[in-house]
Every structure is written in C-alpha cells, then in structure tokens.
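Undergrad: If you want the numbering used here, it's the 1-based position in the sequence shown plus 30.
Beta carbons: idealized from backbone N, C-alpha and C, even for Gly.
The structure presented is a predicted model; accordingly, all values stated were derived computationally and were not measured.
Okay, here's the structure, questions in a sec.
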Amino acid sequence: MKKLALAATALLAAGTAFADQPTFTYSTYPAGQVDNAGAPTWDKSPMKNWPARNLDIPDTSMATAGGSVAGGPLRFEVGLAFEHESYDADGSTGQHHYNTFLPGLKFGLAKPFQGGSELSGDVTVFAGRTSYSGAVTGAPGHDVSVDGLDHTALETNVQYKLPTGFFGTSVMLGLGYQMRDDQGVQTHGTYFRREQRFFATLGVERPFHIAEAWTVTPRLAYHQVILGRLEQDIPGGGTVHEHGFGGELAVDIDYRTGNRDLVLTPYVRQWNLGASSVTGTAFEPKSRTREVGMTLSVRF
Numbered sequence: 031m032k033k034l035a036l037a038a039t040a041l042l043a044a045g046t047a048f049a050d051q052p053t054f055t056y057s058t059y060p061a062g063q064v065d066n067a068g069a070p071t072w073d074k075s076p077m078k079n080w081p082a083r084n085l086d087i088p089d090t091s092m093a094t095a096g097g098s099v100a101g102g103p104l105r106f107e108v109g110l111a112f113e114h115e116s117y118d119a120d121g122s123t124g125q126h127h128y129n130t131f132l133p134g135l136k137f138g139l140a141k142p143f144q145g146g147s148e149l150s151g152d153v154t155v156f157a158g159r160t161s162y163s164g165a166v167t168g169a170p171g172h173d174v175s176v177d178g179l180d181h182t183a184l185e186t187n188v189q190y191k192l193p194t195g196f197f198g199t200s201v202m203l204g205l206g207y208q209m210r211d212d213q214g215v216q217t218h219g220t221y222f223r224r225e226q227r228f229f230a231t232l233g234v235e236r237p238f239h240i241a242e243a244w245t246v247t248p249r250l251a252y253h254q255v256i257l258g259r260l261e262q263d264i265p266g267g268g269t270v271h272e273h274g275f276g277g278e279l280a281v282d283i284d285y286r287t288g289n290r291d292l293v294l295t296p297y298v299r300q301w302n303l304g305a306s307s308v309t310g311t312a313f314e315p316k317s318r319t320r321e322v323g324m325t326l327s328v329r330f
C-alpha cells in the first residue's frame with residue numbers, strides 16, 4: 031500500500047507539471063512561423079470555407095462536380111416559311127391536281143440536355159392560294175381548271191434527338207401532325223376539304239462545321255402515317271381513312287452570331303397515301319403529295 035501511495039503521488043506531480051506547460055495545437059502556419067505572442071494558433075477561417083481553404087481544393091458547386099443535368103437554357107425560334115405543294119389524286123371520276131404556294135410563319139423551342147441530346151417542338155402556319163385542274167366531282171369525263179382557291183395549313187412536330195457517337199450522327203424520334211383546309215371543285219361551284227394526318231418520325235442527321243461560325247446539317251427522315259383522314263363536304267358526305275408513308279430530306283445552314291443563330295432550311299418532302307376505307311360518296315382513295323420549301327428563322 032505504501033508503494034501504491036508513492037506511485038500515485040508521483041503521477042499527480044507529473045500531471046501538475048505538464049498542465050503548467052504550453053499546449054501544442056495544430057496550426058496552418060509554416061514550420062517556425064508563429065503569431066506575435068510566440069505561440070501556435072488555430073486557423074480561425076469560417077467553417078463554410080472548409081475544406082477548400084485548408085486543403086487547397088477549388089470551391090466547386092455540387093452541380094458542376096456531379097455533372098449538370100441541363101446542357102443549356104431553353105432556346106426559342108421564330109421565322110418565315112415558304113412552301114410549294116403539288117397534290118395528285120386518283121379519283122373515281124378521274125385525276126385531280128392541286129398546285130399551291132403557301133407563305134407562313136414558324137415558331138419553335140428546344141431544350142438541350144447534357145451529352146448533346148435535345149427535345150424540340152415547332153409549329154408552322156400557312157395561308158395561300160391553290161390552282162386546281164382535273165375532273166369535276168359529279169361530272170365524270172368533264173375537266174376544268176380553276177385558280178384562286180383558298181388553302182390554309184397547320185404543321186406541328188415534337189422530336190427528341192439522341193447522339194449515337196457514330197461519326198457524329200444523331201438519331202431523331204418524333205411525332206407530327208398536319209392539317210390542310212382547301213377547296214375542291216364540283217358541278218356547282220366548290221366544296222370544303224379537310225385533310226389530317228398523325229405520323230411518327232424516324233430520322234438521322236449529321237452536322238458539319240464548315241467554318242468558325244458556319245454549320246451545315248443534312249437530315250434524312252422517314253414518316254409513318256398513324257392516322258389519316260380526308261373529309262369532303264359534298265352531297266351525301268364523304269370521308270376517306272388514309273394510310274401510307276412519307277420521306278423527307280432537309281439541310282440546316284446555320285450561321286452563329288453572338289448568342290443567336292440564323293438558320294436557313296431548304297427541304298423536300300414526299301407523301302404516298304392510300305385509302306384503308308371510304309364512306310359516303312367520298313373519292314380520291316390514292317394520292318401523292320410533294321412539298322418543296324424552306325424556312326428562314328432566328329434561334330435565340
């Protein structure tokens with residue numbers, strides 16, 4: 031017991047002596063550098079800067095470090111459109127030919143994502159005049175030629191573009207809708223026609239950077255009609271349910287200036303349609319339409 035008491039007394043004395051010495055602490059000062067008091071001190075920088083300040087790590091946001099979901103801001107497009115439409119149909123009374131020039135306006139928007147993918151949509155409205163030549167409804171064997179028929183049209187498309195990594199090409203998947211209102215010719219004047227079609231799109235495009243500000247992007251697309259319908263306001267009523275397909279070739283010529291793009295897009299589109307069913311006194315079960323046009327728009 032006496033030895034144990036002596037040992038406890040020695041430990042107590044050693045602890046008291048150690049407590050009277052300066053306390054060693056971590057410091058961000060280089061070796062040998064102390065403050066004016068001559069004692070090491072803590073770096074008192076705010077905790078919100080840790081560890082960037084103490085470990086020399088750049089102050090990087092979580093969005094940048096983990097990869098931003100958005101590849102860019104929402105972009106808008108507005109411009110002019112011009113289209114020439116040639117329509118030929120085989121009806122029970124003979125051939126029907128429509129030639130139309132359609133000026134219009136185009137509006138669109140696009141959202142780029144990380145990795146180069148993009149979701150876009152556009153709407154184009156047209157209003158013009160049609161020239162008709164061919165058979166007259168209700169008068170087989172009697173052909174006429176009429177100019178100045180009213181013609182309006184609406185086109186809308188929604189597409190998702192996905193880069194493939196194969197020689198810079200991208201695949202496009204989309205849905206589209208077209209509606210055309212015009213006039214047909216019958217024995218006593220004209221009648222109203224409305225053609226509508228919903229279609230799916232599968233396409234491919236590849237951009238070529240010609241110069242610092244210029245990019246040329248050819249595009250090839252296939253359109254499959256999902257639902258087609260031609261309504262004719264004729265005595266007895268008439269509706270043609272259509273099926274068929276179309277093809278499109280277009281080229282985007284893009285000039286970049288500042289944060290805007292000036293885009294010229296010439297295109298040609300061909301539709302081949304047939305009738306899946308005919309009701310009432312409808313006709314024209316088979317038709318071919320060629321659309322040649324261009325758009326001039328600004329993207330910002």
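Grouping DSSP H, G and I as helix and E and B as strand, with all else coil, what is GLY151?
TA: In the structure shown, GLY151 sits in a strand (DSSP, three-state: E or B).
Undergrad: How close, in whole Å, do the beta carbons of LEU257 and THR269 come, if the pair is a contact with beta carbons under 8 Å?
TA: Wrong, their Cβ atoms sit about 13 Å apart, outside the cutoff.
Undergrad: DSSP three-state call for GLY134: helix, strand or coil?
TA: The answer is strand: DSSP assigns GLY134 an E or B state.
Undergrad: So what does DSSP say about GLY268, is it helix, strand or coil?
TA: Reduced to three states, the DSSP call for GLY268 is strand.
Undergrad: What does the alpha-carbon distance come out to for the pair LEU13 and GLU321?
TA: An answer regarding residue 13 cannot be provided, because it is not within the stretch 31 to 330 covered by the chain.
Undergrad: Can you tell me the Cα-Cα spacing of GLY288 and TRP301, whole angstroms?
TA: 38 Å
Undergrad: Compare the beta carbon distance of PHE222 and GLN208 with 9 Å and say whether it is the shorter of the two.
TA: No, these two residues do not count as a Cβ contact at 9 Å.
Undergrad: Run through the DSSP bridge pairs and tell me what SER306 is partnered with.
TA: Its beta-bridge partners do not exist; DSSP assigns none.
Undergrad: Find out if the Cβ-Cβ distance for the pair PHE131, GLY164 is shorter than 9 Å.
TA: no
Undergrad: Where does GLY274 sit, in a helix, a strand or coil, going by DSSP?
TA: strand
Undergrad: To the nearest angstrom, how far is the alpha carbon of LEU135 from that of THR325?
TA: 9 Å
Undergrad: Alpha carbon to alpha carbon, how far is LEU184 from LYS141?
TA: Approximately 23 Å, taken between the alpha carbons.
Undergrad: Mapping DSSP to helix, strand and coil, what is GLY195?
TA: coil
Undergrad: For GLY323, which beta-bridge partners are listed by DSSP?
TA: GLU113 and TYR297
Undergrad: Starting from the C-beta of THR186, find all residues in its chain whose C-beta is less than 6 Å away, skip the five residues before and the five after it, and write them out in chain order.
TA: Sequence-distant Cβ neighbours of THR186 in its own chain, meaning closer than 6 Å and more than five residues away, are VAL153 and TYR207.
Undergrad: Using C-beta distances below 6 Å, list every residue in its chain close to ARG210, excluding the 5 sequence neighbours before and after it, in chain order.
TA: ALA183 and GLU225
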